[in-house]
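*Asks:* The following block contains the structure, expressed as structure tokens.
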Amino acid sequence: MKAMLINAYGEDATFEASDVAKPEVKAGHVLVKIAASSVNTVDTMIRSMGNDLPMSPKLPAILGMDFAGTVEAVGDGVKEYAVGDEVYGCAGGLADLPGTLAEYIVADSNLIAHKAKNLSLREAAALPLVAITAYEGLTRAGMQQGQKVLVHGGSGGVGHVALQLAKHWGAEVFSTGGGEKQLAMIERLGATGINYKTETVEQYVAKHTGGAGFDVVFDSVGGANLTNSFEAAALNAQVATTVSMCELDLTPVHFKGLSLHVVFMLIPMLHNFRREQHRQILRDLTQICESGGLKPVLDEEPFSLEQVGQAYARLQSGKAMGKVVVEN
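Here it is, written out as structure tokens:
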């Protein structure tokens, strides 16, 4: 099969079109002909940082985690899928799991689900990593109907899903963005936009919560921005983040009695730990999509498999709105 291989890691590492052996289906897995895959920040980190990340695959490597496609073969023990089914999932591209920048993938059946009937394969490919992350963050934070939820980075991959899920589950949703396009997208998805460049945390907390703070803060920016999340949170509130590889003063967390949830959705893939939870989350997401509660936003720039280097550059440029998708 055709695959885009990476033979060295680094900021300028290139993808090379190569012919590699087509994988064979095995027990508990399905062989999927990939129609599309999407690029996530963690993919660009692996390419750039290589062995500095413990999850980077050995070279030469096929990167890419998210995909959507059609089942071509079903392994022993797999009951819920048949040849011809359209599926989506996040199932490769790290450690010893070959990635999705290829024509085929053999995916663990616990890491996939049937795609939503009202989404194209291209749209479905945009969802798995970011949607599982958003779902996990909000559910671990115990989000409830009627709460005020703040999403930091609501025009990004994880953020634009998190605000839709929060709205679907009955929250009053607010989201930060840094420009007119970002704020317009946030408003279009049903949240109240907050321009973090022109409003301080104190100002928007006073404006939208009467100074009390938000019940749940989902921080898809993380890092130094977590201090803004702590400031924006109400007493005894819940804060979920996707980026916590940093040193921070947790004093405000203590005095507000906050609960902090760190979401690292790659754990089931890396450690073969409770992978069936990803299957169940993806099934739930399919139903939410089909009910009209969630629709991925795709970046306007299309890319073919051979243009994956340009797709990575697009995401890293910060100019992409929504998810960057690569089509086979």
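Mapping the sequence shown onto UniProt numbering, position 61 (from 1) lands on 61, and the numbers just tick up by one.
Even glycine gets a Cβ: it sits at the ideal position worked out from N, Cα and C.
(1) Can you tell me which of the three DSSP states G177 falls into?
(2) Does the Cβ of V297 have 16 or more other Cβ atoms within 10 Å, making it buried, or fewer, making it exposed?
(3) Straight-line CA distance for L235 to I281?
(4) Give the straight-line distance between the Cα atoms of A91 and H114, rounded to the nearest whole angstrom.
(5) For residue 356, write down the residues that DSSP places opposite it in a beta bridge.
(6) Quick check: the Cα distance between D19 and E290, rounded to an integer number of angstroms?
(7) Provide the residue span of the beta strand (DSSP E) that contains residue 329, from first to last.
(8) Report, in whole angstroms, the separation of the C-beta atoms of K33 and G69, which I expect to be a contact under 8 Å.
(9) Do the stretch 105 to 120 and the stretch 270 to 280 meet, that is, are 3 or more Cβ pairs less than 8 Å apart?
(10) Taking all protein chains shown into account, decide if R102 is buried (16 or more other Cβ within 10 angstroms of its Cβ) or exposed.
(11) Could you say if the stretch 175 to 187 and the stretch 246 to 254 meet the contact criterion of at least three C-beta pairs nearer than 8 Å?
(12) Specify the secondary structure class of K207 as computed by DSSP and reduced to three states.
(13) Where V253 and D219 are concerned, what is the direct C-alpha to C-alpha distance, given to the nearest angstrom?
(14) Short check: CB of V263 to CB of V39, under 8 Å?
(15) N272 and L305 - do their beta-carbons sit closer together than 8 Å?
(16) With a threshold of 16 other CB atoms inside 10 Å of the CB of R274, please say whether the residue is buried or exposed.
(17) Just to confirm before moving on: does the CB-CB distance between S155 and G177 stay below 8 Å?
(18) Any Cβ of chain C within less than 8 Å of the Cβ of T70?
(19) What is the rounded straight-line gap between the Cα of A206 and the Cα of Q307?
(20) For A134 and V161, I'd like the C-alpha separation in whole angstroms.
(21) Smallest Cα separation from S48: which of A21, A82 and D12?
(22) Closest by CA to T44, which one among H29, E24, F15 and A21?
(23) Can you tell me whether T70 is helix, strand or coil according to DSSP?
(24) Can you have a look at S109 and say buried or exposed, based on whether 16 or more other CB atoms are within 10 angstroms of its CB?
(25) Could you pull out every residue in the same chain whose Cβ sits closer than 6 Å to the Cβ of residue 333, ignoring the five residues on either side in sequence?
(26) Is E187 helix, strand or coil by DSSP?
(27) Label S317 either buried or exposed according to how many other C-beta atoms from any shown protein chain fall within 10 Å of its C-beta, with 16 as the threshold for buried.
(28) For S48, name the three-state secondary structure that DSSP assigns.
(29) What is the rounded straight-line gap between the Cα of Y196 and the Cα of A82?
(30) Excluding sequence positions up to five away, which residues of its chain have a Cβ less than 7 Å from the Cβ of A313?
(31) Considering only the alpha carbon of each residue, which of L121, A3 and H208 lies closest to residue 356?
(32) Measuring only the C-alpha atoms, how far is A73 from E80?
(33) What's the call for A125, buried or exposed, on a 16-neighbour Cβ count within 10 Å?
*Replies:* Reading off the structure:
(1) Locating residue 177 in the sequence shown gives position 177, where the first residue counts as 1. Strand, per DSSP.
(2) The residue given as residue 297 occupies position 297 in the sequence shown. Result: buried.
(3) Counted from its first residue, the sequence shown places residue 235 at position 235. Counted from its first residue, the sequence shown places residue 281 at position 281. The straight-line gap from Cα to Cα measures roughly 30 Å.
(4) Here residue 91 is taken as the residue at index 91 of the sequence shown, counted from 1. Here residue 114 is taken as the residue at index 114 of the sequence shown, counted from 1. Cα to Cα, the separation comes out at about 14 Å.
(5) Residue numbering for the chain in the displayed model covers 1 to 328; residue 356 lies beyond these limits and cannot be assessed.
(6) Against the sequence shown, residue 19 aligns to sequence position 19. Against the sequence shown, residue 290 aligns to sequence position 290. Cα to Cα, D19 sits roughly 37 Å from E290.
(7) Since the first residue of the chain shown is 1 and the last is 328, residue 329 is not available in this structure.
(8) Translated into the one-based positions of the sequence shown, residue 33 becomes position 33. Translated into the one-based positions of the sequence shown, residue 69 becomes position 69. So it is a contact: roughly 5 Å between Cβ atoms.
(9) yes
(10) Sequence index remark: in the sequence shown, residue 102 carries index 102 (1-based). Correcting the residue identity first, residue 102 is Ala in this sequence and not Arg. Buried, since its Cβ has 16 or more Cβ neighbours within 10 Å.
(11) no
(12) For this step, residue 207 is matched to residue 207 along the sequence shown. K207 falls in the helix class under three-state DSSP.
(13) Translated into the one-based positions of the sequence shown, residue 253 becomes position 253. Translated into the one-based positions of the sequence shown, residue 219 becomes position 219. Taking the straight line from one Cα to the other gives about 15 Å.
(14) By one-based count along the sequence shown, residue 263 stands at place 263. By one-based count along the sequence shown, residue 39 stands at place 39. Not a contact, by the Cβ cut-off of 8 Å.
(15) For the purposes of this step, residue 305 is identified with residue 305 of the sequence shown, where counting begins at 1. For the purposes of this step, residue 272 is identified with residue 272 of the sequence shown, where counting begins at 1. No; because the gap between Cβ atoms is not below 8 Å, this pair is not in contact.
(16) Here residue 274 refers to the residue found at position 274 of the sequence shown. So R274 ends up on the exposed side.
(17) Taking the first residue of the sequence shown as position 1, residue 155 is located at position 155. Taking the first residue of the sequence shown as position 1, residue 177 is located at position 177. Yes, the pair counts as a contact, with Cβ atoms nearer than the cut-off.
(18) Checking the listed chains, one finds no chain C in this structure; it contains a single protein chain.
(19) On the sequence shown, position 206 is the one that residue 206 refers to. On the sequence shown, position 307 is the one that residue 307 refers to. Their Cα atoms are separated by approximately 46 Å.
(20) On the sequence shown, position 134 is the one that residue 134 refers to. On the sequence shown, position 161 is the one that residue 161 refers to. If I take the Cα positions, the gap works out to 6 Å.
(21) Looking up residue 48 in the sequence shown gives position 48. It is D12.
(22) As a working mapping, residue 44 is identified with position 44 in the sequence shown. If we check each option's Cα against that of T44, F15 comes out closest.
(23) The residue you call residue 70 lines up with position 70 of the sequence shown. Residue state, collapsed to three classes: strand.
(24) If you number the sequence shown from 1, residue 109 lands on position 109. Residue burial annotation: S109 is buried, with at least 16 other C-beta atoms found within 10 angstroms of its C-beta.
(25) Look at the range of the chain in this structure, 1 to 328, and you will see that residue 333 is not part of it.
(26) Indexing the sequence shown from 1 puts residue 187 at position 187. Helix, per DSSP.
(27) Along the sequence shown, read from residue 1 onward, the residue named residue 317 stands at position 317. S317 is exposed by the Cβ-count criterion.
(28) As a first step, residue 48 must be located in the sequence shown, where it is residue number 48. It is helical.
(29) Within the sequence shown, residue 196 is the residue found at index 196, counting from 1. Within the sequence shown, residue 82 is the residue found at index 82, counting from 1. Approximately 48 Å, taken between the alpha carbons.
(30) In the sequence shown, counting from the first residue as 1, residue 313 sits at position 313. Result list for A313: empty, nothing under 7 Å.
(31) The shown model of the chain, from 1 to 328, leaves out residue 356, and the question about it has no answer.
(32) Your numbering for residue 73 matches position 73 in the sequence shown. Your numbering for residue 80 matches position 80 in the sequence shown. Approximately 12 Å, taken between the alpha carbons.
(33) Along the sequence shown, one-based indexing puts residue 125 at 125. When all chains shown are included, A125 counts as buried.
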